[in-house]
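What follows is a single structure, written as structure tokens, with notes after it.
Numbering (the numbering used here), first residue to last: 1 to 380.
Rendered as structure tokens:
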């Protein structure tokens with residue numbers, strides 16, 4: 001049996017006519033950049049995430065960057081009018097166990113990424129480690145809701161309040177995830193989502209979204225995503241071209257009708273894996289905290305002899321992936337930050353053990369049974 005890690009064609013086949021119709025409408029209107037289709041998606045996202053505003057942007061990475069810019073992190077926005085910069089390097093605390101765009105956005109904004117280790121059960125930021133990492137230069141915390149489970153936001157928000165810090169949620173993998181009944185993206189100053197095609201809500205290319213409860217901040221971000229313009233050819237700030245294409249807005253609006261159905265299927269698939277792997281002592285199935293709604297962007301095992309298991313599965317037609325093989329603190333581009341191997345033991349241990357299994361909604365029970373059976377056979 002062949003079991004891919006993800007099958008985008010299978011999902012597209014179920015909604016093809018709706019997507020083609022929505023995209024054709026955009027093409028016929030020729031309002032193809034940041035047009036009415038994007039406004040509709042923004043309305044849907046604000047409602048879904050229980051936020052005051054949502055702004056479509058060009059990617060999840062750009063969502064992080066625009067949020068940092070709008071909050072004045074790494075640059076003094078009034079000073080930008082004359083090309084000025086804040087002195088020194090403000091610090092933003094985040095996790096070293098995530099996709100590169102998280103820390104890369106902090107760097108690009110002109111701030112310094114400062115890493116804190118993870119909770120070994122959830123792979124999310126450990127609040128105690130965050131508190132230890134705070135210095136006099138810390139200005140923000142950027143938690144990542146990794147694999148589809150919201151970080152411990154009560155503790156992180158308490159830390160932020162006590163120290164006067166901004167909070168930017170990297171919710172790229174967490175659309176529909178909840179913490180104590182509240183959606184990802186509704187906690188911090190900003191919530192940042194990715195619609196890269198492989199995400200639970202995937203575009204037909206790159207796209208992203210920012211959510212916020214602050215309408216004044218939303219107005220600033222709306223300008224920044226369009227070169228800082230207040231009106232055409234008049235610029236309040238130095239922004240960028242971070243606009244969302246209307247074709248992406250149209251396609252994503254169609255997919256929003258199905259996001260809950262797809263999420264529940266992912267959760268059901270995860271539960272089936274959990275049952276089938278319960279007696280395989282060499283793997284640890286994902287820990288879903290009881291106060292969280294895990295949406296399983298990835299179903300990630302901790303596995304003994306991980307690399308051998310991955311090779312075994314590949315030989316038997318089962319695709320898998322390692323998210324992520326090297327902590328950001330050890331990446332060559334961040335050598336100047338001064339981190340060394342051993343600084344974040346939980347992150348480094350996770351890098352050696354994690355393995356993501358197929359979890360997409362169109363996966364069949366027979367495929368899940370086959371994958372779990374092959375894992376059990378390897379250890380047997």
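Even for Gly, the Cβ is constructed at its ideal location relative to N, Cα and C. All figures in this text were calculated on a predicted structure; none of them were measured in a lab.
Those residues which DSSP pairs with residue 299 across a bridge: 357
Neighbourhood of residue 78 by C-beta distance below 7 Å, restricted to the same chain and skipping five residues each side: With a pLDDT of 44 at residue 78, under the threshold of 50, the modelled position of this residue cannot be trusted; read the value that follows with caution. Within the same chain, residue 78 has no close Cβ partners at all.
Identified DSSP bridge partners for residue 138: 91
DSSP state of residue 11 mapped onto helix, strand, coil: helix
Proximity of residue 184 and residue 252 at Cβ, strictly below 8 Å: no
Assigned exposure category for residue 305 - 16 Cβ within 10 Å defines buried: exposed
Coarse secondary structure for residue 225, derived from DSSP in three states: coil
DSSP beta-bridge partners of residue 103: Beta-bridge pairing links residue 103 to no other residue.
Under the three-state DSSP convention, the category residue 193 falls into: strand
Identified DSSP bridge partners for residue 217: Partner(s): none; residue 217 has no beta bridge.
Exposure of residue 348, with buried meaning 16 or more beta-carbon neighbours within 10 Å: buried
Length at least 3, wholly inside the stretch 256 to 318: the beta strand (DSSP E) runs in chain order: 299 to 303
Bridge partners - residue 341, DSSP secondary structure assignment: In the DSSP output, where bridge partners are listed per residue, residue 341 has none listed.
Given residue 118 as reference, the closest of 152, 228, 15, 248 once Cα atoms are compared: 152
Within 8 Å, strictly: CB atoms of residue 140 and residue 156: no
Classification of residue 318 by the beta-carbon crowding that lies within 10 angstroms, buried from 16 upward: buried
Beta-carbon separation (whole angstroms), residue 223 vs residue 239, contact threshold 8 Å: 6 Å
Cβ-based burial, residue 98 [other Cβ within 10 Å; buried from 16]: buried
Secondary structure of residue 210, DSSP reduced to three states: strand
With 16 other Cβ atoms within 10 Å as the buried cut-off, status of residue 336: exposed
C-alpha distance - residue 59 paired with residue 196, whole-angstrom precision: 7 Å
Three-state secondary structure (DSSP) of residue 320: coil
Rounded straight-line distance, which links the Cα of residue 376 to that of residue 367: 14 Å
Beta-carbon spacing of residue 228, residue 236 below 8 Å: yes
Proximity to residue 181 [Cα-Cα], best of 48, 143, 162: 48
Whole-angstrom C-beta distance between residue 162 and residue 90, which should lie under 8 Å: The pair is not a contact, with the Cβ atoms about 18 Å apart (cut-off 8 Å).
DSSP-derived helix/strand/coil call for residue 178: strand
Same chain, Cβ closer than 6 Å to residue 382, five either side skipped, listed in chain order: Outside the displayed span of the chain (1 to 380) sits residue 382, for which this structure offers no information.
Stretch-stretch touch, CB-based, cutoff 8 Å, three pairs: the stretch 28 to 40 with the stretch 244 to 251: yes
Per-residue burial, residue 255 [other beta carbons within 10 Å of its own, 16 or more giving buried]: buried
Given 8 Å, three or more beta-carbon pairs between the stretch 300 to 315 and the stretch 51 to 58: no
Supposed close pair residue 302, residue 284 - CB separation, criterion 8 Å: 4 Å
Whole-angstrom distance between residue 360 and residue 324, CA atom to CA atom: 19 Å
For residue 348, three-class secondary structure by DSSP: helix
Supposed close pair residue 6, residue 198 - CB separation, criterion 8 Å: 6 Å
Closest by C-alpha distance to residue 122, when choosing among 112, 168, 105, 143: 143
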